Amino acid sequence: MRTRSPVSPLLPALLLVGGCTASPRERPPVDVVEATIPDLQAAMERGELTAHDLVLAHLARIGTYEDRLNAAVSVNPRALAEADSLDAERAAGRVRGPLHGIPVALKDNIQTTHLPTTGGALAFAGYVPPYEATLTTNLREAGAIIIAKAGLTEFA
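Using this note's numbering, the letters of the sequence shown map in sequence onto residues 231 to 386.
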């Protein structure tokens with residue numbers, strides 16, 4: 231299913247709202263593209279980076295490259311709120327594990343209850359399943375933030 235991504239109209243609003251609540255620094259001190267998960271966790275432990283900053287940086291990258299790549303089928307409109315909640319947990323001394331506050335993208339054949347799951351097929355455009363895949367639940371419980379659904383070949 232290769233159509234123009236519906237992601238683009240949503241991103242400016244998310245970035246605007248996210249930019250209003252983010253820390254005053256313009257860019258995270260960590261290279262969020264090249265950093266490993268342990269690097270990101272260490273930066274969050276040191277207070278140099280928040281899950282909010284990390285999600286905002288990845289939303290900005292999606293906004294920058296999506297028109298050319300057409301890789302994100304949908305973006306989670308609650309990603310920044312989820313990041314804020316996980317930042318509050320970290321501030322209270324509760325870290326769920328190594329994925330706490332880390333944004334991830336799921337292939338569009340992995341079921342989520344908050345984003346459409348199409349499997350790359352036009353027949354399922356807009357279908358939001360009534361239940362999540364075990365993988366999705368496990369990632370959420372581990373503190374990962376489902377930031378987007380990634381495109382794939384039909385039913386791949």
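C-beta: ideal position from N, C-alpha, C; glycine also. Note that the coordinates shown come from a computational prediction; the quantities given were computed from them, not determined experimentally.
- By alpha-carbon distance to Asn300, the top candidate from Pro307, Arg308, Arg291 is Arg291.
- Across the structure, Asp314 and Ala353 are spaced so that their CA atoms are roughly 35 Å apart.
- Taking Phe385 as the centre and dropping the five residues before and after it, the same chain places the C-beta of Gly349, Gly350, Ala351 closer than 7 Å to its C-beta, in chain order.
- In the DSSP assignment, the residues bridged to Val334 are Ile376.
- In this model, Gly327 and Thr294 are separated by some 30 Å (Cα to Cα).
- The three-state reading of DSSP puts Val305 in strand, counting E and B together.
- For Leu270, the uninterrupted alpha helix (DSSP H) run begins and ends at 267-275, by DSSP.
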